[in-house]
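Presented below is the structure to which this report refers.
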Amino acid sequence: MANKEYSIQQEQVARFAKAMGHPARIAILQFLAKQTQCYFGDIHEELPIAKATVSQHLKELKDAGLIQGEVETPKVKYCINRENWQLAETLFGEFFDGCACKNKKESCCE
């Protein structure tokens, strides 16, 4: 069996999708995306997310490159990583646009 590698784009889509694979992370991303500047405060006070898990979710999003932040004692400042946000938008758009049945009116299984 030949060793087949995934494309860089496939790996990046999977990384973004994995980071976005929890409703709390989606809520964090939506909250940060609506901010006009970096958010400086405790996100758990703004969203229905337990304080104990916020840092874990922020770490996952930061590790995937979807957000960026700096520790400014005693709070943390976070914002959307605009470059990777645009990359995710492009990659997910290409992924969903790649469906051959996108413009068909009937299901391909009928």
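For the sequence shown, the positions run 228 to 337 when this note's numbering is used. Beta carbons: idealized from backbone N, C-alpha and C, even for Gly. For clarity, every value in this text was computed on a predicted model and none was experimentally measured.
The Cβ atoms of Ala260 and Ile307 lie closer than 8 Å to each other.
According to DSSP, Cys265 shares a beta bridge with no other residue.
Cβ neighbours of Asp290 within its own chain (closer than 8 Å, five residues either side excluded): Ala246.
For the 8 Å CB-CB criterion, Tyr305 and Cys265 form a contact.
For Lys331, there is no enclosing alpha helix (DSSP H), as DSSP marks it with neither H nor E. Distance from the CA atom of Glu273 to the CA atom of Ala241, rounded to whole angstroms, is 28 Å. Under DSSP, Ile253 shares a beta bridge with no residue.
According to the DSSP assignment, Leu318 belongs to the alpha helix (DSSP H) that extends over Arg309 to Asp324. Within the same chain, and ignoring the five residues on either side of Gln236 in sequence, the residues whose Cβ sits closer than 8 Å to its Cβ are Leu318 and Glu321. In the displayed model, Glu287 falls within a helix according to three-state DSSP.
Restricting attention to Arg309, Gln313, Asn330 and Ala251, the CA atom closest to the CA of His271 is found in Ala251.
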